[in-house]
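Enquirer: According to my numbering, the residues represented by the sequence shown are 1200 to 1411, in order.
Ideal Cβ positions, reconstructed from N, Cα and C, are used throughout, including at glycine.
Here it is: the structure, laid out below.
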Amino acid sequence: MNLLEELRQLAPRDVGRWPALIRAAAVAAIFVVLTILFVYLVPVRNQLPDLEDAQAKETELKHVFDERQLKAANFGAYKNQLADMERSFGAMLRQLPGRTEVPSLLVDISQAGLAAGLQEKLFQPGTEVRKDFYAELPIKIRLAGNYHEFGSFVSGIAALPRIVTLHDISISTDARDTTGEKLILDVTAKTYRYLDDTETQSVAKPKAGGAG
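Here it is in structure tokens:
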């Protein structure tokens, strides 16, 4: 009987009756398989956390790459947008008067009220507040008139070539007017001027000293 016929006649559930040579070969085969599983699976299991970290890092790098690729593709548009912003900022900066132009601007604000037919009760410039590159000058104004004249005054302020904003607007009746038609407008107008180089440096020095 050859080896092939012996293998066919083996009973899988009766290993004890297998020939000694075949039992030894089976044990050796099982040992080899277990050894291979131990050699390959145990290191792989130990390296699974590293593999997961590498996969997460790969995903993150792909995301960063996609973002940078998108920015690179839109670089021309971003550059044009920055140029537009710089032009807009320059146009706004030119709307800020210099130190010598502020008195004439105050006259323009006062004239806007008179041109609207309002009676000026109070025109009181406050203390100038310096910011990073500009200074803010609040002006307390009290005017007497009617709603239509108040609207004309606001339109006149908006039409000025310089930036002037209106704050703390309050409208009340004039206690001395028996007809009840005249109203009192209390408002704080704020005008702005740019700081020259020496003034900008004087604003920056206290900040630098405070940070130290």
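(1) Can you name the start and end residues of the beta strand (DSSP E) that P1360 belongs to?
(2) Need the endpoints of the alpha helix (DSSP H) that G1312 sits in, please.
(3) Exposed or buried, G1275, counting other C-beta atoms within 10 Å across all chains shown (16 or more means buried)?
(4) Once DSSP output is grouped into helix, strand and coil, what is the label at G1325?
(5) Using CA coordinates, which residue listed in Y1346, D1307 and K1339 is at the minimum distance from K1320?
(6) Tell me T1258's beta-bridge partners as DSSP assigns them.
(7) Return the Cβ separation of A1315 and S1371 in integer angstroms, given the expectation that the two are a contact with Cβ distance under 8 Å.
(8) Can you tell me whether K1330 is helix, strand or coil according to DSSP?
(9) Which whole-angstrom value describes the C-beta separation of A1334 and L1384, a residue pair presumed to lie in contact below a C-beta threshold of 8 Å?
(10) Go ahead and label I1356 buried or exposed: buried means 16 or more other beta carbons lie within 10 angstroms of its beta carbon, across all protein chains shown.
(11) Helix, strand or coil: which one does DSSP assign to E1335?
(12) CA-CA distance, A1374 and H1347?
(13) Among the residues of its own chain, which have a CB less than 8 Å from the CB of L1382, if the five just before and after it don't count?
(14) Can you tell me the Cα-Cα spacing of L1260 and Q1280, whole angstroms?
(15) Alpha carbon to alpha carbon, how far is A1255 from K1389? Give it in angstroms, no decimals.
(16) Does DSSP put L1394 in a helix, in a strand, or in coil?
(17) Would you report the Cα separation of L1365 and V1301, rounded to the nearest angstrom?
Expert: So, to answer that:
(1) Locating residue 1360 in the sequence shown gives position 161, counting from the first residue. Segment: none, P1360 is in no beta strand (DSSP E) and carries neither H nor E.
(2) Looking up residue 1312 in the sequence shown gives position 113. Going by DSSP, G1312 is part of the alpha helix (DSSP H) stretching over V1301 to A1314.
(3) Position 76 of the sequence shown, counting from 1, holds the residue named residue 1275. Counting every other CB atom within 10 Å of its CB across the protein chains shown gives G1275 a total below 16, marking it as exposed.
(4) To locate residue 1325, count along the sequence shown from 1; it is residue 126. Residue state, collapsed to three classes: coil.
(5) As a working note, residue 1320 is residue 121 in the sequence shown. Considering only Y1346, D1307 and K1339, the residue with the shortest C-alpha distance to K1320 is K1339.
(6) Locating residue 1258 in the sequence shown gives position 59, where the first residue counts as 1. For T1258, which the question treats as bridged, DSSP gives no partner whatsoever.
(7) For the purposes of this step, residue 1315 is taken as residue 116 along the sequence shown, with counting starting at 1. For the purposes of this step, residue 1371 is taken as residue 172 along the sequence shown, with counting starting at 1. Between the beta-carbon of A1315 and that of S1371 there is about 18 Å, and that puts the pair past the 8 Å contact cut.
(8) Position 131 of the sequence shown, counted from the first residue, corresponds to residue 1330. Under the three-state reduction of DSSP, K1330 is assigned to coil, being neither helix nor strand.
(9) Mapped onto the sequence shown, residue 1334 falls at position 135. Mapped onto the sequence shown, residue 1384 falls at position 185. Between L1384 and A1334 the Cβ distance is about 26 Å, and since that is not below 8 Å, they are no contact.
(10) On the sequence shown, residue 1356 is found 157 positions in, with the first residue counted as 1. Within 10 angstroms of the beta-carbon of I1356 lie 16 or more other beta-carbons, which makes it buried.
(11) Here residue 1335 refers to the residue found at position 136 of the sequence shown. Strand, per DSSP.
(12) Counting from 1 along the sequence shown, the entry for residue 1374 is found at position 175. Counting from 1 along the sequence shown, the entry for residue 1347 is found at position 148. Taking the Cα positions, A1374 is about 19 Å away from H1347.
(13) Taking the first residue of the sequence shown as 1, we reach residue 1382 at position 183. Once the five neighbours on either side are set aside, the close Cβ partners of L1382 are A1343, G1344, N1345, Y1346, F1349, I1370, S1371, T1372 and D1373.
(14) By one-based count along the sequence shown, residue 1260 stands at place 61. By one-based count along the sequence shown, residue 1280 stands at place 81. Distance between the alpha carbons of L1260 and Q1280 is about 28 Å.
(15) As a working note, residue 1389 is residue 190 in the sequence shown. As a working note, residue 1255 is residue 56 in the sequence shown. Spanning the two alpha carbons is a distance of roughly 54 Å.
(16) Taking the sequence shown and counting its residues from 1, one reaches residue 1394 at position 195. In the structure shown, L1394 sits in coil (DSSP, three-state: anything other than H, G, I, E or B).
(17) The count along the sequence shown starts at 1 and reaches residue 1365 at position 166. The count along the sequence shown starts at 1 and reaches residue 1301 at position 102. The alpha-carbon separation between L1365 and V1301 amounts to approximately 17 Å.
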